[in-house]
Structure formats: structure tokens, C-alpha cells
Ligand code: G6P
Ligand code: MG
């Protein structure tokens, strides 16, 4: 019995939200906009373009296309400097254990991320080879909550959407998984991720029994 297991990256495999926060805050402050941790929450799972649009809207700022592009590049340069410092120690607890279990029972594993830096990050934390399929921000045109990224991952794994299980930390990602007709597993707060089929605080709460039970159910 096979399922396709699809993992989001930021906030699921690694805690890069703190680096996105530092880079966006620096950028926002440089154009005179305050940027809080609560605002950062609203950018989780949101593409780079949409993130900058939101920040500018919070500050009531309008920019030319050129300046907009320049700010996006500046934010990413800053973010990448943090990414270059990353290593295996930044993999979130028990992620490796879950991936290893799924590998040991021959389940296909995919990454489904909005990030254009996904491959770089996976290499930095030494998980690049743990994924059979990688679909990221360089492969898709529509951002979550559009299900494109997950549907592409399913297709590449040669799985039907109904056979796929998505791990997500963002509201937009959970919505994307549900729209794709996949089983959604929220990783984070129940209050925030209440639309998910299941929610766990983190991977330490996800048991081998739970994973094996998922494999037994044919449909959602
Ligand atoms: C993920 C993160 C977002 C980030 C987006 C694009 O969804 O949760 O915070 O903006 O990826 O990432 P990128 O690395 O391409 O800027
Ligand atoms: Mg995420």
C-alpha cells in the first residue's frame, strides 16, 4: 500500500521563519515600516512577491516596479546570508526520524515548497537526497493556497491526489492541500491550523503507528 508524502519546507522541515523575519524586518524598517513577529506570522507560506506587497500595504507605500524588484532582491540577499550559515542542527525535532521511517517502508517522499531557495536549504541541512521529488518556487506559477505545488508533486510521484498526505505549518498551505483533495496534517498550533484533518505540535508527536494507520486508509 502506497501513499505520497509531501512536506512543506519552511516551518516544517526547518525553522527558517526566524531568518525570513530578520530579513523582512530589516527591509521594512529601511523603508520606514514597522514589522512585528505577528506580522511575520501572516507571511508564512506566502510567496516573496506577495510578502513584499503586504509589507508595503501595511506602510501605505507605493513603489515603482524597479524599486519593488530591487527591494525583493535585497531581502533575498539578506535571507541567503542566513541560509548559508545553516547546517543539520537546524532540522526540526524528529523530522529525520519520520523521513527515515517512510523511506524504510518504501513510501515516496516529496517536497512542496513556495520557496525559490528550497534546494539550497535542503543541501545545506543535508536532506537533499531524502526527497524523491522536489517541487518549489522555481517550478510553480501559482502560490498557495492554490494547490498547484502539491498537485505537481503528486503527479511527479505518479500518485493520485487522494493518495497524498501533506505536512504544512501555514494556513495557506493547509488550504492548498485540502483543495487538492489530499489529507492535510498541520504542524503547529491547533487554533491556527484548525482546517487541517490532523494537527500536531511538531514531529515528536507523530508516531510510527499514526503513519502506519494513514497507509491503511484508502481515502480521506
Ligand atoms: C515559504 C515561506 C515564506 C516565503 C516563501 C518564499 O512559503 O514560508 O515565508 O516568503 O516560502 O520563499 P523564498 O525563499 O523564495 O523567498
Ligand atoms: Mg511553511
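Numbering (UniProt numbering), first residue to last: 3 to 222.
Using N, Cα and C, we set each Cβ at its ideal position, and we do this for glycine too.
Please tell me whether, using a cut-off of 7 Å, the distance from the CB of residue i to the nearest non-hydrogen atom of ligand 2 is below it.
i, result
"residue 12", "yes"
"residue 138", "no"
"residue 186", "no"
"residue 6", "no"
Going by C-alpha to C-alpha distance, which of the options sits closest to residue i?
i, options, result
"residue 48", "145, 100, 155, 209", "145"
"residue 153", "113, 11, 98", "113"
"residue 18", "100, 150, 78", "78"
"residue 60", "75, 41, 217, 66", "41"
"residue 192", "201, 81, 128", "201"
"residue 44", "195, 102, 69", "195"
"residue 31", "66, 12, 76, 100", "76"
"residue 15", "5, 28, 54, 89", "89"
"residue 34", "25, 21, 205, 58", "58"
"residue 8", "93, 207, 171", "171"
Please list the terminal residues of the continuous alpha helix (DSSP H) segment that includes residue i.
i, result
"residue 175", "173 to 181"
"residue 100", "97 to 106"
"residue 167", "No alpha helix (DSSP H) holds residue 167; the beta strand (DSSP E) holding it covers 166 to 170."
"residue 152", "150 to 159"
"residue 85", "67 to 85"
Could you pull the DSSP bridge partners for residue i from this structure?
i, result
"residue 200", "187"
"residue 35", "Answer is none; residue 35 lacks a bridge partner."
Ligand 1 heavy atoms versus the CB of residue i: any closer than 7 Å?
i, result
"residue 61", "no"
"residue 48", "yes"
"residue 180", "no"
"residue 45", "yes"
"residue 191", "no"
State the DSSP-derived secondary structure class of residue i, mapped to helix, strand or coil.
i, result
"residue 112", "strand"
"residue 48", "coil"
"residue 221", "A caution first: residue 221 carries a pLDDT of 42, below 50, which makes its placement in the model too unreliable to give a value."
"residue 207", "helix"
"residue 123", "helix"
With residue i as the anchor, note down where its beta strand (DSSP E) starts and where it stops.
i, result
"residue 136", "135 to 137"
"residue 6", "6 to 9"
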